[in-house]
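J.: Here it is: the structure, laid out below.
In the working numbering, the protein residues as written are 68 to 576.
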């Protein structure tokens, strides 16, 4: 029985089901980049890369992916969704070079009657005929049971009749879809056990959706009940509330069952950031494993407990995913939070206990005023507490911009470093891009390298005022560490310039 298999197969469908997210469409090159990442870096077992017959562009993307996968031995791990359409889908997949087709069948008799206007028996015959023809042509066939969660609940005999007919042919996997996200874990486990009891030699995948926020709990229940595989998307992309997020499924299987996936945990964050960049869909700040703030302790009591004995840490250590723990600075911070950040920034030397208490009081005061304080702000706050002027080593003394509705943006930048001054001009895709390119030229004059920009966000208060202050927050990677700097100005570009200047001073100091 599949229940005894310790390995949980992962089929990632970011490029098929994930592309049903409103506003998300991947270019052929982006699809190829995602495939390379998932197979070569994350070691995902299988990928569903497209739906048959969508467009000429989709066919071209599939061909490109197959051409890359063939010499790398990955061709059998690429799958395409096909339909019961008299052989058209199977032909489309074959012409694109695909080897594996996932036929979409109705898992509920209600769907047969109301959507297809067919009797359940007629649909069973059509599916069986389609599967037989594809197998005979040399293709590997998997079967999707759309709306299986409705069918298994209301008409299990129909499902049994469908599978008994189709499984006369060598179908590799049967995919059980909770298409509307209506299951709860106890039901998922019970229904999975029914399927395995009726068809003990069949490889069953579970395909969950998150409409009630229970998709990971349902996937975990399916795994514990004996599902051989689970379907995911990166960051939970998908229609409505989305699909099973890859990162959450991986850690849940690894930490809460005696089964394993092949997925490289340290690559999960990279995959999340990459998909955020090309999809334009940001993760919630508190999304488990990959959210921007999930390894940040805000409460001073928690920072104190971690310092004394890691009392507020669980198995999800940030280092496990190539990240690090942060201790937020704000009105809830305590002395332990302050000391952690001072050590990180190399500012703890020479500060007395009394000065640290003053520093804490100042950070709490700023927090009360809703001012976001990051570790990068500490040098400025420390200089105020110590009543010593901050030596700004590098200054951006000029930043001019020329942007047009139709045309390339231009920027002139002037910087001063250690008593020397230089300037440069550059063009770019937008004002800040042009500014950064000019800035890089200036930095080269001093033998300096621009830190890597990781993330860029702007926050404008609601209310519709055109003169509102803009807070630009930029995340950077420098010398193996990550920093966050912020700048505030009524001009969005100048807010970004201020944040960038702050980071450059951190780098050179």
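Glycine included, C-beta positions come from ideal geometry on N, C-alpha and C.
Everything numeric in this text was worked out from a predicted model, so none of it was measured.
Could you pull out every residue in the same chain whose Cβ sits closer than 8 angstroms to the Cβ of residue 351, ignoring the five residues on either side in sequence?
T.: Counting only Cβ-Cβ distances below 8 angstroms, and skipping sequence neighbours, we find 358.
J.: Can the beta-carbon of residue 426 be found closer than 8 angstroms to that of residue 449?
T.: Yes, these two residues count as a Cβ contact at 8 angstroms.
J.: Can you tell me the Cα-Cα spacing of residue 172 and residue 355, whole angstroms?
T.: Cα to Cα, residue 172 sits roughly 33 angstroms from residue 355.
J.: Look at the Cβ atom of residue 82, then the Cβ atom of residue 114, and state whether they are nearer than 8 angstroms.
T.: Contact flag set, yes.
J.: Starting from residue 554 and walking both ways along the alpha helix (DSSP H), at which residues does that stretch end?
T.: Residue 554 -> not in any alpha helix (DSSP H); beta strand (DSSP E) instead, spanning 548-556.
J.: For the alpha helix (DSSP H) that residue 195 lies in, which residues bound it at each end?
T.: Here the alpha helix (DSSP H) through residue 195 covers 187-203.
J.: Quick check: residue 293 and residue 250, are their CB atoms within less than 8 angstroms of each other?
T.: Against a cut-off of 8 angstroms, the Cβ pair of residue 250 and residue 293 comes out as no contact.
J.: For residue 553, which option in 562, 502, 107 has the closest C-alpha, if you only look at C-alpha atoms?
T.: Residue 562 is the option with its Cα nearest to residue 553.
J.: Using 8 angstroms as the threshold, is the C-beta distance between residue 195 and residue 167 below it?
T.: In this structure, residue 167 does not lie closer than 8 angstroms to residue 195 by Cβ.
J.: Given a cut-off of 8 angstroms, decide if residue 212 and residue 205 are closer than it, judged by their beta-carbon atoms.
T.: No; because the gap between Cβ atoms is not below 8 angstroms, this pair is not in contact.
J.: Apart from the five residues on each side of it in sequence, which residues of its chain come closer than 8 angstroms, Cβ to Cβ, to residue 265?
T.: For residue 265, where only same-chain residues beyond five positions count, the Cβ hits under 8 angstroms are 227, 230.
J.: Does the separation of the CB atoms of residue 256 and residue 201 fall below 8 angstroms?
T.: No; because the gap between Cβ atoms is not below 8 angstroms, this pair is not in contact.
J.: For residue 239 and residue 190, which I take to be in contact (beta-carbon distance under 8 angstroms), what is that distance rounded to the nearest angstrom?
T.: The pair is not a contact, with the Cβ atoms about 21 angstroms apart (cut-off 8 angstroms).
J.: Give the range of the beta strand (DSSP E) segment to which residue 172 is assigned.
T.: Start and end: 167-173.
J.: Assuming residue 274 contacts residue 245 under a Cβ cut-off of 8 angstroms, what Cβ separation, rounded to an integer in Å, is found between them?
T.: At roughly 7 angstroms, the Cβ-Cβ gap stays under 8 angstroms, so residue 274 and residue 245 are in contact.
J.: Pick out the complete alpha helix (DSSP H) segments inside the stretch 394-426, 4 residues or longer, and give them in chain order.
T.: Fully enclosed alpha helix (DSSP H) runs of 4 or longer: 402-412.
J.: Any idea what DSSP makes of residue 121, helix, strand or coil?
T.: Note: residue 121 maps to coil in three-state DSSP.
J.: Looking only at its chain, what residues have a beta carbon closer than 8 angstroms to the beta carbon of residue 364, apart from the 5 residues adjacent to it on each side?
T.: The residues are 370, 373, 379, 392, 393, 394, 395, 404.
J.: Which class does residue 97 belong to by DSSP, given the choice of helix, strand or coil?
T.: Three-state DSSP puts residue 97 in a helix.
J.: When you compare only the Cα positions, how much space is there between residue 340 and residue 526?
T.: Looking at the two C-alpha atoms, the distance is approximately 20 angstroms.
J.: Could you tell me if residue 432 is buried or exposed, where buried requires 16 or more neighbouring beta carbons within 10 angstroms of its beta carbon?
T.: The residue in question, residue 432, is exposed, as its Cβ has fewer than 16 Cβ neighbours within 10 Å.
J.: Could you check what DSSP says for residue 483 in three-state terms: helix, strand or coil?
T.: Correct three-state label for residue 483: strand.
J.: Since residue 308 and residue 248 are thought to touch, with beta carbons under 8 angstroms apart, how far apart are those beta carbons, to the nearest angstrom?
T.: Indeed, because the Cβ distance is near 6 angstroms, the residues count as touching under 8 angstroms.
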